[in-house]
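K.L.:
Counted from 1, the sequence shown has number 17 at position 18 by numbering that gives the first Met the number 0; the numbering is strictly sequential. Sharing a structure here in structure tokens format.
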Amino acid sequence: MPNRERLEPIPGSEKYSFCESVHVTGPSPWHIRKLDPAGRMLGGGITTPSLCGRVDRGWDLSVVISIHHLGHSCRACVTAFKRELGLDAKESK
0 MPNRERLEPI PGSEKYSFCE SVHVTGPSPW HIRKLDPAGR MLGGGITTPS LCGRVDRGWD
60 LSVVISIHHL GHSCRACVTA FKRELGLDAK ESK
């Protein structure tokens with residue numbers, strides 16, 4: 000079981016959401032998208048694409064973005080997410 004710190008929301012992540020494509024399969028990774036004023040679309044109809052650009056039709060997940068959950072996410076989305084929040088610079092120090 001992951002420790003509590005790994006399950007806490009990443010600071011700044013409230014402006015983002017995990018999302019899935021309408022073509023999702025069981026082992027598909029989660030994607031990350033930046034939220035707009037419409038907010039989370041849990042029932043479908045996401046209004047912004049995923050950070051990697053691969054998902055433009057789908058729904059959001061009701062899951063906080065934490066270090067633990069990044070392990071089940073699209074690598075390109077994680078890289079873009081970390082870059083946007085400045086986390087990649089912190090990790091390289």
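We put the CB at the ideal spot given by N, CA and C, even for glycine.
What is the C-beta distance between Arg39 and Asp59, in whole angstroms, given that I count them as a contact (C-beta under 8 Å)?
P.N.:
Reading the sequence shown from its first residue, position 40 is the one you call residue 39. Reading the sequence shown from its first residue, position 60 is the one you call residue 59. Yes, Arg39 and Asp59 are in contact; Cβ-Cβ is about 4 Å, under 8 Å.
K.L.:
Could you check whether Pro28 and Ser65 sit closer than 9 Å to each other, using their CB atoms as the reference points?
P.N.:
By 1-based counting over the sequence shown, the position of residue 65 is 66. By 1-based counting over the sequence shown, the position of residue 28 is 29. Against a cut-off of 9 Å, the Cβ pair of Pro28 and Ser65 comes out as no contact.
K.L.:
Helix, strand or coil for Glu19 per DSSP?
P.N.:
Position 20 of the sequence shown holds residue 19. If DSSP states are grouped into helix, strand and coil, Glu19 belongs with the strands.
K.L.:
Shortest alpha-carbon distance to Arg3 belongs to which of Thr47, Thr78, His67?
P.N.:
Position 4 of the sequence shown, counted from the start, is the residue given in the question as residue 3. Nearest of Thr47, Thr78, His67 to Arg3, Cα basis: His67.
K.L.:
Give me the residue from Arg53, His22, Val21, Asp87 with the minimum Cα distance to Ile31.
P.N.:
For the purposes of this step, residue 31 is identified with residue 32 of the sequence shown, where counting begins at 1. Nearest C-alpha to Ile31: Arg53.
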